[in-house]
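Residues in the sequence shown are numbered from 551 upward in steps of one, following our numbering. Quick reminder that beta carbons are idealized off the backbone N, C-alpha and C, glycines included.
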Amino acid sequence: MNELLTGNRLAGQMQDWDVLDDGTRTQWETLVTRINLPPMYRHAAGNTVDNFRPKEMAADIEADPVISGTIIAVANSAKIGLSSPIMTVDRAIVHLGFNLIVSIISSYQLQQALGSNSHVSREFLDLIRRWSATARTTALHFFKRASMHDANEDAPTVALLARLGTVILAMSDHPPHSNYITIPDEPGRLTHELKEYGITSPQLSGRLVRHWGLPDPIPQHVDNLWRPVLSELDDTPDNRCLTLLALSVNLADTYMNYSMVTPEEFLGRGAYAQLAANLEKMGLLGIINEAWESKLMQRELEAASY
């Protein structure tokens, strides 16, 4: 109960971007507008598994030596369970599959875009890149298992972009200390951000995707992912989407630090009591556990976090 009361108090401190004072908005807007929209591969933006063409995708990937090298390295990782080495991009694509390839490509292009014209460390950007790929992969599996993917096709994109505000904090004159990234839960991070900056990473993430001109509901979901964690929500289609996204994003963050964590262990933490209550109200807990037990999901999570 104490965790729920703390969450309610924290929720009351969250503000919309337009409510912030002019000085605060101007300060952060300067950093937001320095980041250009990554040139996402056309396959990531428009193609689906149904019209997946590995050779066409391989030709695009081979044009970028960093991404092509990474794709081959992930495919040859022992975590993927290969017994013979893969030497070509097109074979790596077939082995890893469309969805995982898109997660890796998208997260690397994000890393490149975020690293341009900024002094953020390569290690921090790499961590966010791995987290983004893991969050996108987690969302894909949960939404498909819940039969919610067709009605929420933008959900994986929301998961991919949700933590970008942390990079904007790192671009400031007062970047987070090294222990910031190890804060164990979302309420703790939000509390720290409000105290240190007077703004939160979800607000900055939402502002960035609006600056990029991404269509709704992507911006709305990106900057509202804290709601299922801090507030009781009604069981509506939009809230079900938001709640499953919040789980995907925060569970992926925990997975990056504690790879053996299960949804039960994650939701058993006091900081996520409200998220667990919302998931239970919406009948999503069983679906989550079924998805997590899938060997395919575990295999793809290991690869995405590589």
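* Asked: Is the stretch 789-800 touching the stretch 673-692 in the sense that three or more CB pairs, one from each, lie closer than 8 angstroms?
  -> yes
* Near Leu675, which residues of its chain fall below 8 angstroms by C-beta distance, leaving aside the five closest residues on each side in sequence? -> Gln661, Leu664, Gly665, Val717
* Taking only beta-carbon positions, decide if Leu797 is within less than 8 angstroms of chain C. => Of the protein chains in the structure, only one exists, and it is not chain C.
* Hey, out of Asp788, Thr574, Asn702, His761, whose CA is closest to Asn586's CA? -> His761
* Asked: Apart from the five residues just before and just after Pro706, which ones in its own chain have a Cβ nearer than 6 angstroms to its Cβ?
  -> Same-chain partners within the cutoff: Arg686, Ala689, Leu690.
* Asked: Looking at the structure shown, is Asp803 part of a helix, part of a strand, or coil, going by DSSP?
  -> For Asp803, the three-state secondary structure derived from DSSP is helix.
* If you count every other CB in all the chains shown that lies within 10 Å of the CB of Glu850, and 16 or more means buried, which is it? -> With 16 or more neighbouring CB atoms inside 10 Å of its own CB, Glu850 falls in the buried class.
* Asked: With burial defined as no fewer than 16 other Cβ atoms inside 10 Å of the residue's Cβ, what is the status of Arg790: buried or exposed?
  -> buried
* To do: Helix, strand or coil for Gly665, going by three-state DSSP, please let me know.
  => DSSP places Gly665 in helix when its eight states are reduced to three.
* Identify every run of the beta strand (DSSP E) within the stretch 690-768, keeping only runs that are complete inside it and at least 3 residues long; order them along the chain. => none
* Asked: Roughly how many angstroms separate the alpha carbons of Ala802 and Val811, rounded to a whole number?
  -> 10 angstroms
* Assuming Asn800 contacts Val772 (C-beta within less than 8 angstroms), just tell me the rounded distance between them. => Rounded, the Cβ-Cβ distance is 14 angstroms, inconsistent with contact.
* To do: Determine the direct distance from the alpha carbon of Ser653 to that of Gln848, and round the result to whole angstroms.
  => 15 angstroms
* Within this structure, are the beta carbons of Val616 and Tyr658 separated by less than 8 angstroms? -> yes
* How many Å lie between Ser751 and Pro726 at the Cα? -> Cα to Cα, Ser751 sits roughly 12 angstroms from Pro726.
* Considering only residues of the stretch 772-848, which uninterrupted alpha helix (DSSP H) runs meet the minimum length of 4 residues and lie entirely inside it, listed in chain order? -> 777-780, 787-807, 813-817, 823-831, 835-842
* Could you tell me if Met832 is buried or exposed, where buried requires 16 or more neighbouring beta carbons within 10 angstroms of its beta carbon? => Burial call: buried.
* To do: Label Glu852 either buried or exposed according to how many other C-beta atoms from any shown protein chain fall within 10 Å of its C-beta, with 16 as the threshold for buried.
  => Result: buried.
* **When Gly748, Ala609, Asp614 are compared against Ile640, the one with the closest alpha-carbon** => The sequence shown places Asp at residue 640, rather than the Ile named in the question. Of Gly748, Ala609, Asp614, the residue nearest in Cα terms is Ala609.
* Starting from the Cα of Arg680, find the closest Cα among Leu711, Asp700, Met698, Ser668 and give me that residue. => Leu711
* To do: Classify Asp784 as buried or exposed, calling it buried when 16 or more other Cβ atoms lie within 10 Å of its own Cβ.
  => exposed
* Asked: If you run the structure through DSSP and keep just helix, strand and coil, what is Thr620?
  -> Thr620 falls in the helix class under three-state DSSP.
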